[in-house]
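In what follows, a single structure is set out as structure tokens and then discussed.
In the numbering used here, the protein residues as written are 89 to 310.
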């Protein structure tokens with residue numbers, strides 16, 4: 089806790105101006121007008137932030153919208169998050185649904201649920217567990233894993249969505265494993281194309297393995 093900085097707490101329904109705080113804790117329904125710079129941000133319920141967010145740790149349980157960028161060391165989101173700017177985090181986990189209008193960069197990123205990333209989704213370690221239709225413009229990273237998890241009944245939903253669940257223009261990484269993915273280009277060192285994939289072009293440096301239930305238009309060693 090930094091000296092001279094106070095906490096911001098909202099219980100019930102209220103709004104507040106942005107600013108610098110130690111801990112920001114919202115229980116209920118809150119609105120913050122302006123940029124928010126804090127050590128800890130915790131939301132239980134709903135909060136709309138009309139500005140950028142910078143925090144050491146972010147924990148969201150419920151629904152959150154950010155009308156700017158999110159910058160954090162650690163972020164956990166359980167529920168729904170709508171971010172209109174870019175996301176920059178060291179380690180992030182999302183369980184539910186996340187929408188990002190810009191780019192998303194992380195050292196470690198784990199997503200269970202659905203997502204829509206309008207720009208680049210980039211992480212050193214990227215683990216995507218799909219429970220429904222998701223999309224990104226581009227995906228990059230060192231170790232990339234995409235798996236379909238619809239049959240396990242996430243959030244009480246079973247059976248889930250038929251067909252391709254991840255749609256992306258380009259995927260580029262070192263180690264890549266994909267399921268239920270539709271992409272124009274997949275490029276990497278060691279690539280495994282699992283069931284339910286439709287890939288137009290695969291370029292690989294070391295190895296390529298293809299499931300019998302996957303479709304690849306063209307593949308070439310580079």
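Just so you know, even glycine gets a beta-carbon here, dropped at the ideal spot from N, CA and C. This one's a predicted model, so the numbers in the text were calculated from it and none came from an experiment.
- Excluding sequence positions up to five before and after residue 294, its CB lies within less than 7 Å of the CB of 277 and 278, all in the same chain and listed in chain order.
- In this structure, residue 199 lies away from residue 171, with their beta-carbon atoms at least 9 Å apart.
- When secondary structure is reduced to three states using DSSP, residue 198 falls in the strand class.
- The Cβ atoms of residue 156 and residue 123 sit closer than 9 Å to each other.
- In the DSSP secondary-structure assignment, residue 233 is bridged to 215 and 265.
- Under a 10 Å Cβ-count criterion, residue 105 is classified as exposed, with fewer than 16 other Cβ atoms of the shown protein chains found around its own Cβ.
- Of all alpha-carbon atoms in 147, 283, 132 and 218, the one lying nearest the alpha-carbon of residue 165 is that of 147.
- DSSP places residue 155 outside both helix and strand once states are collapsed to three, so it counts as coil.
- For residue 310, no beta strand (DSSP E) run applies, since DSSP gives it neither H nor E.
- Between residue 173 and the set 162, 143, 206 and 287, the nearest pair of CA atoms involves 206.
- Taking all protein chains in view, the Cβ of residue 224 is crowded by 16 or more other Cβ atoms within 10 Å, so the residue is classified as buried.
- Closest option to residue 307, judged by alpha-carbon separation, among 284, 285, 300 and 273: 273.
- In terms of Cβ geometry, residue 119 and residue 137 form a close pair [threshold 9 Å].
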